[in-house]
Amino acid sequence: MKKQEMISSLEVDYSKDLYRITDMLNKSLKSKGVIVGLTLKNEDTAVLTVYET
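Going letter by letter, the sequence shown gives residues -13 to 39 in this note's numbering.
Structure, rendered in structure tokens:
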């Protein structure tokens, strides 16, 4: 398995739509070797991370 390299990370205000946005980005960018990760820092803050695969 190839190691993923983090390109960028950003803290944003949490919104339930972030999951839909992340899913759309992953489906669109998979062929380009890019993955977007979404984690919750707390109930009000999410972290979006972009990886190159």
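No residue lacks a Cβ here, since even glycine has one placed at the ideal position from N, Cα and C.
Going straight from the alpha carbon of K16 to that of D3, what length do you get?
-> As a first step, residue 16 is located in the sequence shown; it is residue number 30 there, counting from the start. As a first step, residue 3 is located in the sequence shown; it is residue number 17 there, counting from the start. Cα to Cα, K16 sits roughly 20 Å from D3.
Skipping 5 residues on each side, what residues in its chain have a beta carbon closer than 7 Å to that of L26?
-> Taking the sequence shown and counting its residues from 1, one reaches residue 26 at position 40. If we look at L26 and ignore the five residues flanking it on each side, its Cβ neighbours are Y0 and A32.
Spatial neighbours of S(-6) within its chain, please: CB distance less than 8 Å, with the 5 preceding and 5 following residues excluded, ordered by chain position.
-> To locate residue -6, count along the sequence shown from 1; it is residue 8. If we look at S(-6) and ignore the five residues flanking it on each side, its Cβ neighbours are T35 and V36.
Below 8 Å between beta carbons: does that hold for V22 and T8?
-> Here residue 22 is taken as the residue at index 36 of the sequence shown, counted from 1. Here residue 8 is taken as the residue at index 22 of the sequence shown, counted from 1. Contact: yes.
Under 8 Å, do S20 and E(-9) count as touching if we go by C-beta distance?
-> Numbered from 1 along the sequence shown, position 34 holds the residue referred to as residue 20. Numbered from 1 along the sequence shown, position 5 holds the residue referred to as residue -9. According to the sequence shown, residue 20 is Val rather than Ser. Not closer than 8 Å, so no.
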